[in-house]
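Numbering (our numbering), first residue to last: 1141 to 1218.
Using N, Cα and C, we set each Cβ at its ideal position, and we do this for glycine too.
All values reported here derive from a predicted model rather than from experimental measurement.
Structure first, then comments.
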């Protein structure tokens, strides 16, 4: 039985593919079609990131309108 190739190791068929850092653990990984977890280095890192999104640990920064604003609509502001 053969073991699958490590998706983070650069294959010899694509030497021009960029190497990036995994957003979860920081390990160098190949950003190519051969890495099915890209931009992550492994399924574990991919699932950790998905869990963080599911737990709402990531937020898009927005400016909160004042409490007395009409639903934050600028047409109703003075």
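- Apart from the 5 residues on each side of it in sequence, residue 1168 sits with its Cβ closer than 7 Å to the Cβ of 1159, 1161 in its chain, given in chain order.
- Beyond the five residues adjoining it in sequence on each side, residue 1192 comes within less than 7 Å, by CB distance, of 1198 in the same chain, given in chain order.
- Here residue 1164 is near residue 1180, since their CB atoms are less than 8 Å apart.
- As for any alpha helix (DSSP H) of minimum length 4 sitting wholly inside the region 1158-1195, the runs are 1183-1194, ordered along the chain.
- A residue is called buried when at least 16 other Cβ atoms come within 10 angstroms of its Cβ; residue 1195 does not meet this threshold and is exposed.
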